[in-house]
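S.K.: Starting off with a structure, shown below.
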Amino acid sequence: MSEIVEREASGLYPESYGAWAGNPAGVKPNLKLCCDSVWDKTSWKSYQCSRPRGHGPGLAYCKQHDPAAKAARQAANTRRYNQKHNQERYQWYGRQFFDALQQIADGHNDARGLAQQVITKFKEGERK
Ligand SMILES: [Zn+2]
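Numbering (the working numbering), first residue to last: 1 to 128.
Structure representation (structure tokens):
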């Protein structure tokens, strides 16, 4: 890693990592490593990521913490969550679909209108 790249990206590094009451100064950033901080659940402290840098803005991130990679992971999670949610809605709406079908079978005088009304209401709650 050249000195130039280290200086270019230095704006992405905080003054320190993991500052807390017991260590108010925290730990100085290591400019050869990823600039992101990671949270340790067991100690309840955050640390500088220990992976080598080389990705993303200023090449200051590791492959995993590259903001574009993080955004892509987040988008994929949202997509998966929305698909699951939309799939579950068929079960939640089962009774309303059945009731509409029953009304049509019983001779509802605007079967298409009733069907469209139920479908429209169902689609309003779909996640994209
Ligand atoms: Zn990292």
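Every residue, glycine too, gets a C-beta built ideally from N, C-alpha and C.
Say the cut is 6 Å; is the CB of R112 nearer than that to a heavy atom of ligand 1?
M.R.: Result no, Cβ not under 6 Å from ligand 1.
S.K.: Taking only three categories from DSSP, how would you classify P29?
M.R.: In the structure shown, P29 sits in coil (DSSP, three-state: anything other than H, G, I, E or B).
S.K.: Which same chain residues, not among the five before or five after K41, have their C-beta less than 7 Å away from its C-beta?
M.R.: There are no such residues.
S.K.: Please report how far the alpha carbon of E15 lies from the alpha carbon of A71, in whole angstroms.
M.R.: About 25 Å.
S.K.: Measuring alpha carbon to alpha carbon, tell me which residue in A111, W92, Y90 is nearest A100.
M.R.: Nearest C-alpha to A100: A111.
S.K.: Name the DSSP bridge partner or partners of W20?
M.R.: BP columns for W20 point to N23.
S.K.: Using only the alpha-carbon positions, how far apart do F98 and N109 sit?
M.R.: Cα to Cα, F98 sits roughly 17 Å from N109.
S.K.: Note down the Cα distance separating G11 from A75, rounded to an integer number of angstroms.
M.R.: Rounded to the nearest angstrom, the two C-alpha atoms are 27 Å apart.
S.K.: Taking the beta carbon of A60 as the centre, do at least 16 other beta carbons fall within 10 Å, making it buried, or is it exposed?
M.R.: With 16 or more Cβ atoms within 10 Å of its Cβ, A60 is classed as buried.
S.K.: From G94 to F122, what does the alpha carbon distance come to, in whole angstroms?
M.R.: For G94 and F122, the distance between alpha carbons rounds to 11 Å.
S.K.: With a threshold of 8 Å on Cβ separation, who are the neighbours of D66 within its own chain once the five nearest residues in sequence on each side are excluded?
M.R.: Hits under 8 Å: H55, G56.
S.K.: Assign Y81 to one of two classes, buried (16 or more other C-beta atoms within 10 Å of its C-beta) or exposed (fewer than that).
M.R.: Classification of Y81: exposed, given that the 10 Å Cβ count is below 16.
S.K.: Less than 6 Å between the CB of H55 and some heavy atom of ligand 1, yes or no?
M.R.: Flag unset: Cβ of H55 not near ligand 1.
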